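Structure first, then comments.
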Amino acid sequence: MIFERMQQPALPGRARSSAVCCRGLPAAVLVLFAGAAFCAPAPVQDAQERAAAVLRRTFSPAREAYRADILVLVRRNGRDQEDRVRVRVLPPEGFSREVLDAQGRVRLRAVSDGKVEWVHDLSRKTAYQGAPEDADCKLLDPDEELGLLERNHALNWTASESVAGRRTDVLELRAREDSRLIRKLWVDEAGRVLRRESYGEDGSISSSMRVESLVSLPVGERKFDLSVPAGLRVRARDWRPDFMDLEEAAAASGRKPVLPVWLPSGFVFESVDLVPYKKASILHLRFTDGLDALSLFEYPRGARLRLGLSGQGRVRSLRVGRGRGRLAVVPEGKILVWSAGGNRYVLIGPCSVEAMRRIASSLQGNDRDAIKPQDGVREAAR
Amino acid sequence: MNAGCIEREALSAYADAESGPEERAGIESHLAACARCRARLEMITALKKAVAAAVVPAPAMPADLREKLLRMRMRSMGLWPRLLGFLREFSPRRRVMALSFSAAGLVLALWIFREDLPGIGSGEEELPVSVLLAAHGRYASTLPLSGAEGPASRVQDLLAEASDDL
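In the order they appear, the protein sequences are chains A and B. Residue 439 in my numbering is what sits at position 141 of the first sequence, and the numbering runs on without skipping anything. Residue 17 in my numbering is what sits at position 19 of the second sequence, and the numbering runs on without skipping anything.
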């Protein structure tokens, strides 16, 4: 698995192969071979192996309790929207995230001790209680996910830089398909991502986060207060997403999930979640390429629900298969909404408009634009 | 002019055939006896003919000026009177065609954008996009390399916002 591959000694590949044939050769030839071993390609190999080692660091669980102030920027309707988040991490599973307003006051707080998660929405005077986040709520195991990440993205170590007073390694992730820069990460010695930049199709930064300060959590703050502030009404909510395969989802919902025949390069079907809304049960089909998520929601027309896109900026109409769909651009990527075969669909993901349209068109019963196999169609389901 | 001769205004009125019957009879009996007044009448008549021949007919209003004035008038009116005024410019047949095309265009636009219109005749409820964005964000946050800030702060917002509708 990928962890085993990453743990191989960080010897340049050419050095490893040349070391076998060195014995018994004259000293001059040996020197020549040694010189060849460390010539041009070696730094590239080095950078990749170093990047793999840094990446491996990011998966190790936090060992140190810390507090960080983070600046999050997302581009929305052509303008940057800024959020400040104060994070406290208390290993093994405790965390607190506070979203601050422009005056530095907390407007939203999510706090968890690993058993219960509270979200206090102070502006709406409401507290929601539920199960905490769980990264294991999916079918792909971490090794498979990392395998996908590695298969679809070229990873390179590019430099060492300082972020929030800490030395970090700068990693670049590029799409293997077209070498497009997708993400840059600044990872510290403890494996924390202290800075991240995500790039859009045009090469500009679509979102970024940066840790502005990071300190060890003072002893006095190492116990999280899970009590609900006075004056908030409490509502229960199960945050934990479900994770089912297609058969389980069909049994649970009474509907057979429809998978697209075509997916963007590198994406695979991962699992299905059921999102309850009012009396309807919305199927949430989840896809990933190891780095980004693609969500396809489907529900029957009979549920009599119409997706509202108000407040999502400019909504444009475009052809999808035999009908038309509506497309909006949001910080999470793009949202495409359309109807076909008695169902309504919503696709959310970071893909290009054309890729979104092709995914939608390749759904069963909506296949006028379905891509021919020679165009690179592949089965979405594993 | 001798005493008893006719006044110039009266001669001019006589030349224009504007005198009353009695005045006309008096003028004619005087003209028969007075060569000087006959000469004056001839001069007045000749002058009137010359003036009439010299008068230039009034020019027609330029077409663009007329349109400009119409447009100014339209602008000062409300939408409906303007629309009606515009339709009045058409022949009845063209009027029916214009109205038919407009109605067809309206129906087509309603059909194309029916999904954007709040539940026209469908009685449908709105599903907030925030509910789906929150579910998407929750899944995205489980992927490798999701940030220390957790699900994007905005997603947390949406999560809370969406929960009110659940």
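For glycine and all other residues, C-beta sits at the position ideal for the given N, C-alpha and C. All values derive from a computational prediction rather than experimental measurement.
Tell me, which residues are paired with residue i by DSSP?
i: A:Val409; result: A:Ser394, A:Trp416
i: A:Phe567; result: A:Phe585
i: A:Val507; result: The sequence shown places Met at residue 507 of chain A, rather than the Val named in the question. Bridge partners of A:Met507: A:Val370, A:Arg494.
i: A:Ala457; result: A:Val468
i: A:His451; result: A:Ala473
i: A:Thr424; result: A:Asp419, A:Arg531
i: A:Glu596; result: A:Leu581, A:Tyr643
i: A:Asp381; result: A:Val370
i: A:Arg624; result: A:Ser615, A:Val635
i: A:Leu388; result: A:Gly392
i: A:Lys482; result: A:Glu470, A:Glu495
Give the DSSP-derived three-state secondary structure of residue i in the structure shown.
i: A:Gln401; result: coil
i: A:Gly619; result: coil
i: B:Lys46; result: helix
i: A:Ala488; result: coil
i: A:Pro307; result: Per-residue confidence for A:Pro307 stands at a pLDDT of 31, beneath the threshold of 50, marking its modelled position as unreliable; no derived number is given.
i: A:Leu557; result: coil
i: B:Met75; result: coil
i: A:Ser650; result: coil
i: B:Ala30; result: helix
i: A:Arg655; result: helix
i: A:Gly518; result: helix
i: A:Ile633; result: strand
i: A:Leu605; result: strand
i: B:Ala102; result: helix
i: A:Met542; result: strand
i: A:Val573; result: strand
Buried or exposed for residue i, please, with buried defined as at least 16 other CB atoms from any protein chain shown within 10 angstroms of its CB.
i: A:Trp484; result: buried
i: A:Glu396; result: buried
i: B:Trp78; result: exposed
i: B:Gly2; result: exposed
i: A:Arg436; result: Before going further, note that residue 436 of chain A is Lys rather than Arg in the sequence given. Label assigned to A:Lys436: buried.
i: A:Thr586; result: buried
i: A:Gly518; result: exposed
i: B:Pro7; result: A small fix is needed here, since residue 7 of chain B is Glu in this sequence, not Pro. It counts as exposed.
i: B:Leu97; result: exposed
i: B:Leu81; result: exposed
i: A:Arg642; result: buried
i: B:Pro60; result: exposed
i: B:Gly18; result: exposed
i: B:Leu106; result: exposed
i: A:Ser615; result: exposed
i: A:Glu415; result: buried
i: A:Arg463; result: Rather than Arg, the amino acid found at residue 463 of chain A in this sequence is Gly. It counts as exposed.
i: A:Met542; result: buried
i: A:Val532; result: exposed
Rounded to the nearest angstrom, how far is the Cβ of residue i from that of residue j, given a contact under 8 Å?
i: A:Ile480; j: A:Leu589; result: 7 Å
i: A:Lys277; j: A:Glu495; result: Residue 277 of chain A falls outside the range modelled here, since chain A spans only 299 to 680, and no answer is possible.
i: B:Leu108; j: A:Val644; result: That pair is no contact at about 22 Å.
i: A:Ser458; j: A:Thr466; result: 7 Å
i: A:Leu453; j: A:Leu353; result: 6 Å
i: A:Val461; j: A:Val509; result: 6 Å
i: A:Arg624; j: A:Val635; result: 5 Å
i: A:Val387; j: A:Ala360; result: 5 Å
i: A:Pro558; j: A:Leu594; result: 7 Å
i: A:Arg602; j: B:Glu123; result: 6 Å
So does residue i have its beta carbon nearer than 7 Å to some heavy atom of the ligand MN?
i: B:Ala51; result: Annotation note on the ligand MN: not contained in the displayed structure, which lists no ligands.
**Item:** Against chain B: residues of the stretch 638 to 651 of chain A by CB proximity under 7 Å
**Value:** Val644, Ile646
**Short-range partners of chain B found in the stretch 561 to 594 of chain A, where Cβ spacing is below 9 Å** = Glu568, Ser569, Asp571, Val573, Pro574, Tyr575, Lys576, Ala578, Ile580, His582, Arg584, Thr586, Gly588, Leu589, Asp590, Ala591, Leu592, Ser593
**Asked** Can you list, in chain order, the residues of the stretch 601 to 624 of chain A whose Cβ is nearer than 9 Å to any Cβ on chain B?
**Response** Against chain B - using a Cβ distance shorter than 9 Å - the residues of the stretch 601 to 624 of chain A are Ala601, Arg602, Leu603, Arg604, Leu605, Gly606, Leu607, Ser608, Gly609, Gln610, Val613, Ser615, Arg622, Gly623, Arg624.
**Asked** Which residues, taken in chain order from the stretch 126 to 144 of chain B, show a beta carbon closer than 8 Å to some beta carbon of chain A?
**Response** Pro126, Val127, Val129, Leu130, Leu131, Ala133, His134, Gly135, Arg136, Tyr137, Ala138, Ser139, Thr140, Leu141, Pro142, Leu143
**Near-chain A residues of the stretch 82 to 100 of chain B (beta-carbon distance less than 7 Å), N- to C-terminal order** = Of all residues in the stretch 82 to 100 of chain B, none has a Cβ within less than 7 Å of some Cβ in chain A.
**Item:** Within 9 Å of chain B by C-beta, residues of the stretch 345 to 358 of chain A in sequence order
**Value:** Leu353, Thr356, Phe357
**Item:** Under 7 Å (Cβ pairs) to chain B, residues found in the stretch 438 to 466 of chain A
**Value:** The stretch 438 to 466 of chain A vs chain B, Cβ under 7 Å: Glu443, Leu444, Leu447.
**Message:** What are the residues in the stretch 464 to 487 of chain A lying within 7 Å of chain B by C-beta distance?
**Reply:** Leu483
**Message:** Closer than 9 Å between beta carbons: that is the criterion. Which residues of the stretch 488 to 511 of chain A meet it against chain B?
**Reply:** Arg490, Val491, Leu492, Arg494, Ser505, Met507, Val509
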